[in-house]
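Take a look at the structure set out below.
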Amino acid sequence: MTNSKNSTSNISDKEKFESIYFTYSKYLYVMGLRILKDEGYASDALQNCFLRIFENLHKIKEVDSNQTKSFLCIIMRNESINLYRKKKNMEQATDPFDETFYIKDENSEVEEIFARAEIKKDIQVYLKELNEEERDLIILKYLKEYSHEEIANIFHISQDSVRQKLSRIRKKLAIVVMRDKEKEEA
Amino acid sequence: MVQNNNELNKAIKARSDGFLAYIAQAAEEDMLEEFDSWEKNNPDLKVPKELESRILNNADEFHKKQKHKQLRNNCIRFLKMAAIIMLVVAISFSGLLISVEAFRLKIFDFIFENNKEFTKVVTVESGSNVLTIKKNLPEGWQGLFYPGYLPDGYLFAEAQETGDSKTIVFKNKSEAILILTQGPLYESEMRVNNEGVESGEVLVDGSPAFWTSRKGEVTLIWNQNGYGFLLYGPESLSEMIKIAEGLLYIK
Chain C
1 MTNSKNSTSN ISDKEKFESI YFTYSKYLYV MGLRILKDEG YASDALQNCF
51 LRIFENLHKI KEVDSNQTKS FLCIIMRNES INLYRKKKNM EQATDPFDET
101 FYIKDENSEV EEIFARAEIK KDIQVYLKEL NEEERDLIIL KYLKEYSHEE
151 IANIFHISQD SVRQKLSRIR KKLAIVVMRD KEKEEA
Chain G
187 MVQNNNELNK AIKARSDGFL AYIAQAAEED MLEEFDSWEK NNPDLKVPKE
237 LESRILNNAD EFHKKQKHKQ LRNNCIRFLK MAAIIMLVVA ISFSGLLISV
287 EAFRLKIFDF IFENNKEFTK VVTVESGSNV LTIKKNLPEG WQGLFYPGYL
337 PDGYLFAEAQ ETGDSKTIVF KNKSEAILIL TQGPLYESEM RVNNEGVESG
387 EVLVDGSPAF WTSRKGEVTL IWNQNGYGFL LYGPESLSEM IKIAEGLLYI
437 K
């Protein structure tokens with residue numbers, strides 16, 4: 001992970017930005033093309049992505065690291081999805097009959113479910129319950145330990161929205177854990 | 187009992203967060219694996235040159251804006267300081283001073299006595315320099331003194347008006363700040379706090395001026411043509427006098 005050659009402590013913001021650009025631009029552009037399937041939109045997404053990167057430059061400590069790579073991927077994916085939604089004029093609808101609505105989001109209740117959960121060998125059981133945005137959110141919140149405010153800035157959404165989305169993710173995962181437990185008990 | 191509950195809750199939260207971090211870690215690995223494969227499958231794909239230059243140019247613009255914002259914040263800090271200094275000057279001019287002789291030094295009586303007549307004024311009305319200066323200054327600012335000479339590297343940074351006084355801030359690449367404050371003079375006396383500072387009298391264009399120096403930062407105060415001036419900066423006294431003597435009157 002640590003690479004002294006790419007350590008950013010002694011370089012200017014401009015140099016850091018350019019180093020990030022030349023290391024990851026192609027990688028991110030390919031991602032935009034895969035998601036948007038349109039060169040024009042992928043270009044717009046990449047441009048927006050690098051604007052967000054500049055705004056969040058202080059969060060990037062090492063240019064050549066998986067941590068930076070995943071952070072940039074989350075930004076690019078988010079920018080691409082936002083553009084895709086605009087393009088298709090899509091809005092994410094909430095399914096009123098979603099079973100997650102039947103679990104209270106009392107933090108303590110959900111936390112207890114997770115605290116008792118056994119870590120499964122097949123992690124895909126949990127991951128398949130989450131869409132891309134939700135995966136990105138838990139990476140930022142629980143792996144990178146960003147605050148709600150930082151996440152809100154990256155996703156262009158309000159802090160309340162971040163809280164709601166995270167609450168929804170926790171509820172979804174809690175259901176998987178409970179189902180597993182019931183299966184085991186049966 | 188309550189303490190035990192708190193500790194139990196902390197333990198539950200830590201375990202819950204650990205569980206979610208474990209899922210997040212797996213999500214991150216999945217994501218990187220997927221994107222790495224996309225890149226590998228498109229080895230010849232390149233970011234269009236036009237897009238590349240647009241992004242790098244945008245970054246330059248953004249960088250400049252951020253620098254400007256940072257500079258502005260710094261300047262506001264110094265402008266507040268300059269405004270406070272000028273407020274002290276204005277109060278002193280109006281004779282509302284509570285004098286503590288041990289800490290304050292009366293400096294301006296002699297200046298008024300010696301400087302009733304107008305001294306040399308270099309007036310500048312037009313030219314590209316004047317246009318640039320006027321472009322920098324807030325709208326409606328006219329009839330003011332502006333440095334015709336500045337030490338190497340200092341550029342205009344900010345201008346602000348506080349009551350009758352006008353303050354112009356210059357900054358160099360090392361973030362050193364030079365402040366020129368000017369305002370109409372009301373006949374009275376002026377005193378400054380001279381505690382812990384070196385101080386003395388010099389001549390600016392033949393008119394007496396008062397200077398203080400503390401930790402390498404020099405303040406020069408003088409009056410000319412009915413205006414009071416305060417020049418502050420981390421330059422030598424001789425440089426400060428040179429700036430003071432090089433002031434131009436911008437119509």
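Listed in order, the protein sequences are those of chains C and G.
To convert, note that position 170 of the first sequence is 170 in this note's numbering; the numbers rise steadily by one, no gaps.
Numbers given in this note's numbering equal positions in the second sequence, counted from 1, plus 186.
Yeah, the Cβ is synthetic: ideal placement off N, Cα and C, and Gly gets one too.
Note that the structure is a prediction, hence the values are computed from the model and not measured.
Hey, out of G:Leu364, G:Asn244, G:Asp222 and G:Thr348, whose CA is closest to C:Lys26's CA?
Checked all of G:Leu364, G:Asn244, G:Asp222 and G:Thr348; the closest Cα to C:Lys26 is G:Asp222.
Assuming the contact rule is C-beta atoms closer than 8 Å, G:Asp216 and C:Leu127 should be a hit. Round their C-beta distance to whole Å, please.
6 Å
C:Met197 at chain G interface by Cβ criterion, 8 Å
No answer is possible for residue 197 of chain C: it lies beyond the span of chain C, which begins at 1 and ends at 186.
In the DSSP assignment, find the unbroken alpha helix (DSSP H) run with C:Leu130 in it and report its ends.
Element bounds for C:Leu130: n/a, residue is neither H nor E.
Is the shortest distance between the beta-carbon of C:Glu79 and the beta-carbons of chain G less than 8 Å?
Taking Cβ atoms only, chain G never reaches closer than 8 Å to C:Glu79, which makes this a no.
8 Å is my cut-off, CB to CB: does G:Ser202 come that close to chain C?
yes
The alpha helix (DSSP H) that contains G:Tyr332, what's its start and end?
Counting along the chain, G:Tyr332 falls outside any alpha helix (DSSP H), though it belongs to the beta strand (DSSP E) covering Leu330 to Pro333.
What's the gap between the Cα of C:Glu146 and the Cα of G:Tyr418?
According to the sequence provided, residue 146 of chain C is Tyr. The question's Glu does not apply to it. Answer to the nearest angstrom: the Cα atoms are 43 Å apart.
Boundaries (first-last residue) of the alpha helix (DSSP H) holding G:Gly401
One detail in the question is off: residue 401 of chain G reads as Lys in this sequence, not Gly. First-last for G:Lys401: undefined, no H or E at that position.
Give the DSSP-derived three-state secondary structure of C:Ala93 in the structure shown.
Its pLDDT being 42, under 50, C:Ala93 is placed unreliably in this model, and the coordinates cannot settle the point.
For a cutoff of 8 Å on Cβ pairs, would you count G:His254 as touching chain C?
Interface residue (Cβ-Cβ distance to chain C less than 8 Å): G:His254 is not classified as such.
Do you know whose CA, among G:Asn409, G:Asn322 and G:Lys437, lies nearest G:Ile427's CA?
G:Asn409
Based on DSSP bridge pairs, tell me the residues matched to G:Thr345.
The sequence as given places Ala at residue 345 of chain G; Thr does not occur at that position. DSSP output for G:Ala345 lists G:Ile354 as bridge partner(s).
Measuring only between beta-carbons, confirm whether G:Arg443 sits less than 8 Å from chain C.
Here chain G covers residues 187 to 437 and nothing more, so residue 443 of chain G does not appear.
Residues that C:Ser30 contacts on chain G, provided the C-beta gap is smaller than 7 Å:
Note on residue identity: the sequence assigns Val, not Ser, to residue 30 of chain C. Neighbours of C:Val30 on chain G, chain order: Trp224, Glu225, Asn228 and Leu231.
Status (buried if at least 16 other CB within 10 Å, exposed otherwise) for C:Arg77
buried
Cα separation between C:His58 and G:Gly369?
42 Å
Chain-ordered neighbours of G:Pro234 on chain C, where CB pairs are closer than 9 Å
Tyr29, Glu39 and Ser43
Against chain C, does G:Lys196 count as a neighbour if the rule is that its beta carbon must be under 8 Å from one of theirs?
no
Based on Cα-Cα distance, which residue from C:Lys144, C:Ile175, C:Glu149 and C:Cys49 lies nearest to G:Val203?
According to the sequence provided, residue 203 of chain G is Asp. The question's Val does not apply to it. Answer by Cα proximity: C:Lys144.
Any C-beta of chain G sitting closer than 8 Å to the C-beta of C:Leu83?
no
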